[in-house]
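K.L.:
Got a structure for you, questions after.
In full-length UniProt numbering, the protein residues as written are 1 to 423.
Structure (structure tokens):
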């Protein structure tokens, strides 16, 4: 494969030099080259490609589908029924001053935090497609509502890979703090939307229930149609996610079997002149492309615990190109900028890694150095088969929805009381 790689790279350099005269075709050429390289590699390494694709199918079928499908369908149905508007009105006094997004962003954030990638991006894209939020609000919202879920951070990474359950607490806190910090920073993005100055004088409880019970734009007699549309939309989304998982599983395998990851990591080390473990660089590159493989690779390295945690935290915050491909494909039907989205994810990764270092240094250093001996017992409390995963996801979604409704009602009540007291 070394000769083939050399020939392909040589062809790339020659053609790139020719096309340099017409810069408008350079990007198209790069895409064509990458696709051709992938197809040729699959032909040369059919067994590796098929095995990787099969592993991707199994991951999607037994892990991703049962854990994410309830969130895709449930979120779509709740939006159609008007519950998202109900929650949004009640929580707007908190969400807008903090993030400059409507209150319904709280529902998106809650769904993203509990379910993980790419549910948040899907919900934001849907809200923007329905013109429920402005372009600036959508850009701000997606900057902090594209997060990983606790099942992956605690169950897969901390317990399954790092064999240290306490690390899940550290990584989760750092990850969600990073997301919130990005959201606060991105609140200054775009033009300042005209916020209602008299919001303090609004009866939020009355307004929210009026929105929920308003049947002018909702025909509840066609609930079966709403359900079928939600199921159709949910399966379309989960199928698209599965396709990207399979494709990126093959890409990672091809990059590994052709030794391209080794070449690139060695090149980066020589260019930066930094004394960094080449295996760590290789693992980080793997994580930049695909989240799960990168975390697994880093967990197996013989490096210090703090370096391992910070690296994993960065990758989880970044999300990987596999996740971003899914998110951007959902955003393409809107005017949300994919460039700003990617910038927010880089920032999320950096801040998460920084928070991990600080929290570890001040609160977790002594505790995490002692590897827990109860890992096996804790592992058993997490879903171990598709049916258990599906049931767990349903319970988690129901718990989150009930919790956020309760919080929104309490918040709305407090602001309504403030409204009456201010009279």
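Note that the Cβ used here is the ideal one computed from N, Cα and C, for glycine as well.
1. Among 280, 341, 291, 83, which one has its Cα closest to the Cα of residue 210?
2. Which same chain residues, not among the five before or five after residue 288, have their C-beta less than 8 Å away from its C-beta?
3. With 16 as the cutoff for other CB atoms within 10 Å, does residue 335 come out buried or exposed?
4. What number of angstroms, rounded off, separates the C-alpha of residue 37 from the C-alpha of residue 234?
5. Short check: CB of residue 260 to CB of residue 280, under 8 Å?
6. For residue 410, which residues from the same chain have a beta carbon less than 8 Å from its beta carbon, with the 5 sequence-adjacent residues on both sides left out?
7. For the structure I just gave you, are there three or more beta carbon pairs, one from the region 154 to 171 and one from the region 117 to 133, closer than 8 Å?
8. Flag this pair as yes or no: are the beta carbons of residue 352 and residue 174 separated by less than 8 Å?
9. Would you kindly work out how many angstroms separate the C-alpha atoms of residue 34 and residue 40, rounded to a whole number?
10. I think residue 67 touches residue 117, with their Cβ atoms under 8 Å apart; what is that distance to the nearest whole Å?
11. Under 8 Å Cβ to Cβ from residue 251, same chain only, skipping five residues before and after it: list those, please.
12. Report yes or no: do three or more beta-carbon pairs, one from the region 223 to 241 and one from the region 62 to 79, lie closer than 8 Å?
13. Got a sec, what are the start and stop residues for the alpha helix (DSSP H) residue 65 sits in?
14. Starting from residue 165 and walking both ways along the alpha helix (DSSP H), at which residues does that stretch end?
15. In this structure, how does DSSP classify residue 116 when only helix, strand and coil are distinguished?
16. When we look at the beta-carbon of residue 31 and count the other beta-carbons within 10 Å, is it buried (16 or more) or exposed?
17. Measuring straight from C-alpha to C-alpha, what distance separates residue 96 and residue 313?
18. According to the Cβ coordinates, are residue 412 and residue 205 closer than 8 Å?
19. Compute the Euclidean distance between the alpha carbons of residue 73 and residue 146, then round it to the nearest angstrom.
20. Are the region 326 to 346 and the region 355 to 365 in contact at 8 Å, needing three or more beta carbon pairs?
21. If you count every other CB in all the chains shown that lies within 10 Å of the CB of residue 397, and 16 or more means buried, which is it?
22. What's the C-alpha gap between residue 399 and residue 70?
23. Just how far apart, CA to CA, sit residue 178 and residue 85?
24. CB residue 300 to CB residue 48, shorter than 8 Å?
25. Excluding sequence positions up to five away, which residues of its chain have a Cβ less than 7 Å from the Cβ of residue 53?
26. Grouping DSSP H, G and I as helix and E and B as strand, with all else coil, what is residue 130?
27. Taking the alpha carbon of residue 366 as the reference point, which residue from 323, 162, 166 has its own alpha carbon closest?
28. Quick one: measure Cβ to Cβ for residue 170 and residue 309, integer angstroms, because I've assumed they're closer than 8 Å.
29. Quick one, are the C-beta atoms of residue 128 and residue 183 less than 8 Å apart?
30. Please report the straight-line C-alpha distance between residue 339 and residue 417, rounded to a whole angstrom.
31. Measure the alpha-carbon distance for residue 87 versus residue 136 and round it to whole angstroms.
32. Rounded to whole angstroms, what is the Cα-Cα separation between residue 270 and residue 356?
33. Residue 196 by DSSP, collapsed to three states: which one?
34. What would DSSP say about residue 301, mapped onto helix, strand or coil?
35. Put residue 397 into one of helix, strand or coil per three-state DSSP.
36. Going by C-alpha to C-alpha distance, which of 92, 225, 240 sits closest to residue 133?
P.N.:
For this structure:
1. The residue among 280, 341, 291, 83 with its C-alpha nearest the C-alpha of residue 210 is 83.
2. 294, 315, 318, 320, 321.
3. Exposed, since its Cβ has fewer than 16 Cβ neighbours within 10 Å.
4. Distance between the alpha carbons of residue 37 and residue 234: 33 Å.
5. Not in contact: residue 260 and residue 280 (Cβ atoms no closer than 8 Å).
6. Correct list: empty, nothing qualifies.
7. Counting Cβ pairs under 8 Å, fewer than three are found: no touch.
8. Going by C-beta atoms, residue 352 is nearer than 8 Å to residue 174.
9. C-alpha of residue 34 to C-alpha of residue 40: approximately 10 Å in a straight line.
10. Not a contact, Cβ separation roughly 11 Å.
11. Taken in chain order, the residues that qualify are 38, 289, 290.
12. Touching, per the Cβ criterion.
13. Note, residue 65: alpha helix (DSSP H), 65 to 81.
14. Its alpha helix (DSSP H) spans residues 165 to 186.
15. The three-state reading of DSSP puts residue 116 in coil, since its state is none of H, G, I, E or B.
16. Looking at its Cβ environment, which holds fewer than 16 other Cβ atoms inside 10 Å, residue 31 is exposed.
17. Roughly 28 Å separates the two Cα atoms.
18. Taking the C-beta atoms as reference points, residue 205 is found nearer than 8 Å to residue 412.
19. A straight line joining the alpha-carbon of residue 73 with that of residue 146 spans about 18 Å.
20. They do not touch, by the three-pair rule.
21. The C-beta of residue 397 has 16 or more other C-beta atoms within 10 Å across all chains shown, which makes the residue buried.
22. Approximately 13 Å, taken between the alpha carbons.
23. Put simply, the backbone Cα of residue 178 is about 27 Å away from that of residue 85.
24. No. Outside cutoff.
25. Counting only residues of its own chain and dropping the five nearest sequence neighbours on each side, residue 53 has a CB closer than 7 Å to the CB of 246, 249, 250.
26. In this structure, residue 130 counts as coil in the three-state DSSP scheme.
27. Closest option to residue 366, Cα to Cα, is 166.
28. At roughly 7 Å, the Cβ-Cβ gap stays under 8 Å, so residue 170 and residue 309 are in contact.
29. Taking 8 Å as the Cβ cut-off, residue 128 and residue 183 do not qualify as a contacting pair.
30. For the pair residue 339 and residue 417, the Cα-to-Cα distance works out to about 43 Å.
31. Between residue 87 and residue 136, the C-alpha separation is close to 21 Å.
32. Roughly 28 Å between the two C-alpha positions.
33. Here the model assigns residue 196 a pLDDT of 46, short of 50, so the residue's position is not dependable, and the following value carries that caveat. In the three-state DSSP reduction, residue 196 falls in the coil class, being neither helix nor strand.
34. The answer is coil: DSSP assigns residue 301 none of H, G, I, E or B.
35. Correct three-state label for residue 397: helix.
36. The candidate whose alpha carbon is nearest that of residue 133 is 92.
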